[in-house]
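Under our numbering, think of the first position of the sequence shown as 84, with each following residue one higher.
We put the CB at the ideal spot given by N, CA and C, even for glycine.
Below is one structure, written out as structure tokens; the observations come after it.
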Amino acid sequence: MRIEFDRDTCIGMFQCVAEWDGFERDEDAGKAVLVDGEETAEDLFVREVPEDAELDAKFAARTCPVDAITLYDDDGEQLIP
84 MRIEFDRDTC IGMFQCVAEW DGFERDEDAG KAVLVDGEET AEDLFVREVP
134 EDAELDAKFA ARTCPVDAIT LYDDDGEQLI P
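So, in structure tokens, the structure goes:
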């Protein structure tokens, strides 16, 4: 599973941080940070989700109020949102 995080869209509610430790707070910027995320475009970060963290990553994506988090399965099919 792969996760994409659009940091530009993030509004800093930090609900994703509460759901999965793959996200951290950046209080200075007022936005979340995808831990170990690789920037693929301006403010778009991606990383693979460890198998044992998939459920938490799904919760993090579902709780984002602005849909800044997207999950894809191993075949590239979008799961969430």
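Starting from the C-beta of residue i, find all residues in its chain whose C-beta is less than 8 Å away, skip the five residues before and the five after it, and write them out in chain order.
i      : result
Arg90  : Lys114, Ala115, Val116, Leu117, Asp126, Leu127, Phe128, Ala151
Gln161 : Thr153, Leu154, Tyr155
Would you mind reading off the limits of the alpha helix (DSSP H) that contains residue i?
i      : result
Glu160 : Per DSSP, Glu160 belongs to no alpha helix (DSSP H) and is neither H nor E.
Arg145 : 137-146
Ala101 : 98-102
Is residue i buried or exposed, if buried means 16 or more other CB atoms sit within 10 Å of its CB?
i      : result
Ile86  : buried
Ala124 : exposed
Leu138 : exposed
Glu122 : exposed
Gly159 : exposed
Glu102 : buried
Val149 : exposed
Starting from the C-beta of residue i, find all residues in its chain whose C-beta is less than 7 Å away, skip the five residues before and the five after it, and write them out in chain order.
i      : result
Cys147 : Gln98, Cys99
Arg176 : The structure shown does not extend to residue 176, since the chain spans only 84 to 164, so no value can be given for it.
For residue i, decide whether its Cβ has a neighbour in chain B, counting only Cβ atoms nearer than 8 Å.
i      : result
Gly120 : Although the question refers to chain B, the structure presented lacks it and comprises just one protein chain.
If you follow the beta strand (DSSP E) that residue i is in, where does it begin and where does it stop?
i      : result
Thr123 : 121-124
Ala151 : Where Ala151 is concerned, there is no enclosing beta strand (DSSP E), given that its DSSP letter is neither H nor E.
CB-CB under 6 Å to residue i, same chain, minus the five flanking residues each way: which ones, in chain order?
i      : result
Asp119 : Arg130
Cys93  : Lys114, Ala115, Ala151
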